[in-house]
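Worksheet for the structure shown next.
Residue numbers (the working numbering): 454 to 1285.
Okay, structure coming up:
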């Protein structure tokens, strides 16, 4: 449409707009003419703004690049870990704590696991199979041995990120659940393994082996950490190195994605620590130490050491009282369970000082007369005396102090040899004074008394010797007073006498191995220094053997083994006694050093023979365990054949009776399980004045007419006399000898129970050596299970049930007569 064709109203409006535009054009043209020849201001501002904008953009880009550099390069590791933490979860794989083994490979401490099993309920499903949820719930309940309702309640908590199903599942339960989950591709389950330390005999050498506690790492994982003994000293070797697993997580509660591929850094399991301890010898040491504690009524505990004098290997080490490594904080003897609280400092302090401490290496005590062996060794090494030199043991004064013999009347003029057997103080004070202060103390340093032994156990103590000794100090230390040592120091010094003069470092650990038994580190014998010559050591050894044969140490005498030793009774500032005995055996070819120390007998009249007797038993049983052959002398055979009268102990307490019988060389058994030390003895078997060999069993009863116990008869055939005595004692029986006890057993007057069966009927026996009415050499009728106490062949109808149950058995304490003969060639010859 043309303009002239527009309606009049519209054309008028358009005209008005055109007129207005024409009026503004001259104005604009005038402005342009006025500004001609000048720089345009608006363009200048625009260029500056662009420049500023460019600079700003460049600065921003620089900052961005720098920030990216900081993130991607400088803080890469931190940010990568943070990013991974958003997408992956770090799971620690704890290493298996290594085992502790005895010298023969017997496991003493090991590690097992319990499993804490939990679920993320919404994620527990099968990815590959259409398994109803109810079936999964039922299977979980069955495998974990949980009530179905309890598992249903856990699975119903679908909003929970984690629900614990079982706190302590067994390995078998965990393995079964793992198999079920794997077979059916079931996710949403979390298993946390928690280590548990176990001890095969939890009261065997607890202060040596130690125990563990739980600690938490940075990820709150529970770890085992050694707290005492080997567990503490070798904690790093036993612990190993943890591993790590990074597993992919989902976006909900950071749960583990089922079947995601993990990244692993495998844990390195802990090493095994192999000890020099022999578990059988350790058991012997503890049994004999405990018996000595009870027999001698010791109130402050004791310790015992068995050591190889050539290698320093500790074969046995005991500290009484001991504790249970499974429950190290349990209520100790003598404490009230109602008030015992290990959250209290005083209760933990009591455990540390009285129960956990290893007395064999930490306690210091005055060694008393056992130190006379050291003084004699020094005098011999300095060529100051001879065994036959005569001395006067009359009291003498030194620096205002009187030094006298423990025997009130003294012994007058005697040789050094006699003085050693009798343990006369003045003679050894004279020898020390001859040596001189400086020289004597140099030897004490050489014997290791000036420092610790370096044994590989925590908590070793050190004896106290005078820093600036005077003459009176020299005189008293010569017989073990006014100075202290630790048991391990004295045992190590005695080892130097046993091995020809070399001070050897004691070793509790034999080696460290990997999980497959490959040796990673060994601990060979280490000679610290030469203390004395072999000649001087042998001279002291001869004197010590005389103590056992002719002197104060006769209680340690052991048939078939030559024992050298020294007794001691020392007194502290409070007037309390410590009794001890140190021994070397066999004296002619030493295999072991044994030391027993007993602190504070209640009766101050108790002599060191109690310690000597314990050492004798340890020597006897340990050398047998080490397969050291016996060499019987004529005196040994005479001693074995000798019989002793059983004393009357009725009316005494069990503790009093036990001490009296033990002093006579008999073994004591309680006839009633409820018997205590205060129980009054009413009867005994064998009876008073019965004739028995040493090491025979006497059973004590609290009733006048007790119900006797019957025991099986062992097979003694082929056993040596010591083997037969031990087998009899273990069965609660006694043996007598038909003639000589040289050789091995070829006949016994009561057949072994497993052979007899029910053959012992109406007093007859299938074994022709069994008399119709067995009567032993004591005059007591031997009571079989179907005989009355009179030996009548007619069964006792009142006890018919008991008779049938005990057919072929003997009353505990009965005597069996054995016949010995030279062993047949090729047959078992025992130890002879």
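Cβ atoms here follow ideal geometry from the backbone N, Cα and C, with glycine treated the same way.
The model shown is predicted, which means the values in this text are computed figures rather than measured ones.
Residue i versus residue j: straight-line alpha-carbon distance, rounded
{"i": "residue 1047", "j": "residue 962", "result": "19 Å"}
{"i": "residue 772", "j": "residue 1152", "result": "28 Å"}
{"i": "residue 634", "j": "residue 722", "result": "27 Å"}
{"i": "residue 519", "j": "residue 649", "result": "52 Å"}
{"i": "residue 947", "j": "residue 914", "result": "18 Å"}
{"i": "residue 1209", "j": "residue 1105", "result": "Bear in mind that a pLDDT of 42 at residue 1209, under 50, signals an unreliable position, so the number given afterwards is only what the model happens to contain. Cα to Cα, the separation comes out at about 38 Å."}
{"i": "residue 1192", "j": "residue 1115", "result": "26 Å"}
{"i": "residue 1035", "j": "residue 897", "result": "18 Å"}
{"i": "residue 787", "j": "residue 997", "result": "39 Å"}
{"i": "residue 1007", "j": "residue 834", "result": "27 Å"}
{"i": "residue 1049", "j": "residue 848", "result": "30 Å"}
{"i": "residue 686", "j": "residue 1202", "result": "55 Å"}
{"i": "residue 960", "j": "residue 981", "result": "12 Å"}
{"i": "residue 976", "j": "residue 1084", "result": "33 Å"}
{"i": "residue 891", "j": "residue 991", "result": "25 Å"}
{"i": "residue 1214", "j": "residue 1263", "result": "Unreliable placement is indicated for residue 1214, whose pLDDT of 31 sits below 50; no coordinate value is reported for it."}
{"i": "residue 563", "j": "residue 966", "result": "14 Å"}
{"i": "residue 735", "j": "residue 767", "result": "10 Å"}
{"i": "residue 568", "j": "residue 628", "result": "10 Å"}
{"i": "residue 1095", "j": "residue 1039", "result": "23 Å"}
{"i": "residue 1004", "j": "residue 689", "result": "49 Å"}
{"i": "residue 1076", "j": "residue 558", "result": "20 Å"}
{"i": "residue 1041", "j": "residue 910", "result": "31 Å"}
{"i": "residue 681", "j": "residue 743", "result": "22 Å"}
{"i": "residue 745", "j": "residue 856", "result": "31 Å"}
{"i": "residue 765", "j": "residue 693", "result": "28 Å"}
{"i": "residue 1212", "j": "residue 1199", "result": "Residue placement at residue 1212 is flagged as unreliable, the pLDDT there being 37, under the threshold of 50; the coordinate-derived value follows with that caveat. About 20 Å."}
{"i": "residue 1117", "j": "residue 646", "result": "57 Å"}
{"i": "residue 624", "j": "residue 595", "result": "15 Å"}
Pick from the options that is closest to residue i, judged by C-alpha positions
{"i": "residue 921", "options": "619, 903, 915", "result": "903"}
{"i": "residue 696", "options": "1129, 676, 684", "result": "676"}
{"i": "residue 1054", "options": "1135, 1261, 754", "result": "754"}
{"i": "residue 561", "options": "511, 779, 652", "result": "652"}
{"i": "residue 842", "options": "852, 863, 822, 871", "result": "871"}
{"i": "residue 1293", "options": "1111, 824, 720", "result": "Past the boundaries of the shown model lies residue 1293; the chain is included only from 454 to 1285, so the question cannot be answered."}
{"i": "residue 1103", "options": "570, 1140, 1127, 1097", "result": "1140"}
{"i": "residue 924", "options": "989, 765, 979, 850", "result": "850"}
{"i": "residue 1146", "options": "1154, 1112, 1182", "result": "1182"}
{"i": "residue 1025", "options": "620, 937, 606", "result": "937"}
Residue i and residue j closer than 8 Å at C-beta
{"i": "residue 588", "j": "residue 641", "result": "no"}
{"i": "residue 770", "j": "residue 758", "result": "yes"}
{"i": "residue 950", "j": "residue 1016", "result": "no"}
{"i": "residue 885", "j": "residue 828", "result": "yes"}
{"i": "residue 618", "j": "residue 599", "result": "yes"}
{"i": "residue 1293", "j": "residue 691", "result": "Residue coverage of the chain in this structure runs from 454 to 1285, which leaves residue 1293 outside it and unanswerable."}
{"i": "residue 738", "j": "residue 941", "result": "no"}
{"i": "residue 810", "j": "residue 756", "result": "no"}
{"i": "residue 874", "j": "residue 1000", "result": "yes"}
{"i": "residue 584", "j": "residue 683", "result": "no"}
{"i": "residue 867", "j": "residue 846", "result": "yes"}
{"i": "residue 1064", "j": "residue 1033", "result": "yes"}
{"i": "residue 678", "j": "residue 665", "result": "yes"}
{"i": "residue 1150", "j": "residue 1266", "result": "yes"}
{"i": "residue 1073", "j": "residue 762", "result": "no"}
Neighbourhood of residue i by C-beta, 7 Å cutoff - its chain only, sequence neighbours within 5 removed
{"i": "residue 782", "result": "795, 804"}
{"i": "residue 1205", "result": "1166, 1167, 1168"}
{"i": "residue 1089", "result": "1012, 1013"}
Cut-off 6 Å between Cβ atoms - residues of its own chain near residue i, not counting five sequence neighbours on either side
{"i": "residue 776", "result": "659, 808"}
{"i": "residue 931", "result": "828, 881, 882, 885"}
{"i": "residue 643", "result": "571"}
Own chain, CB closer than 8 Å to residue i, minus 5 neighbours either side, in chain order
{"i": "residue 1270", "result": "1188, 1189, 1190, 1191, 1201, 1202, 1229, 1230"}
{"i": "residue 774", "result": "754, 785, 786, 807, 808"}
{"i": "residue 1274", "result": "1196, 1197, 1199"}
Residue-chain proximity (residue i, chain C), Cβ-Cβ < 8 Å
{"i": "residue 986", "result": "Given the protein chain composition of this structure (a single chain), no chain C is represented."}
Going along the chain, which unbroken runs of the alpha helix (DSSP H) with 4 or more residues stay wholly within the region 775 to 811?
798 to 803
(request) Note down, one range per segment and in chain order, each alpha helix (DSSP H) of at least 4 residues found wholly within the region 1123 to 1167. (result) none
Any beta strand (DSSP E) of 3 or more consecutive residues that is wholly inside the region 730 to 771:
755 to 760
Threshold first: 3 residues or longer. Then list the beta strand (DSSP E) segments lying entirely within the region 815 to 843, N to C.
none
| query | Of all the alpha helix (DSSP H) runs that stay within the bounds of the region 531 to 616, which reach a length of 4 or more residues? | reply | 586 to 596, 601 to 608
- request: Entirely within the region 1050 to 1101 and at least 3 residues each: give me those beta strand (DSSP E) ranges in chain order.
  value: 1096 to 1098
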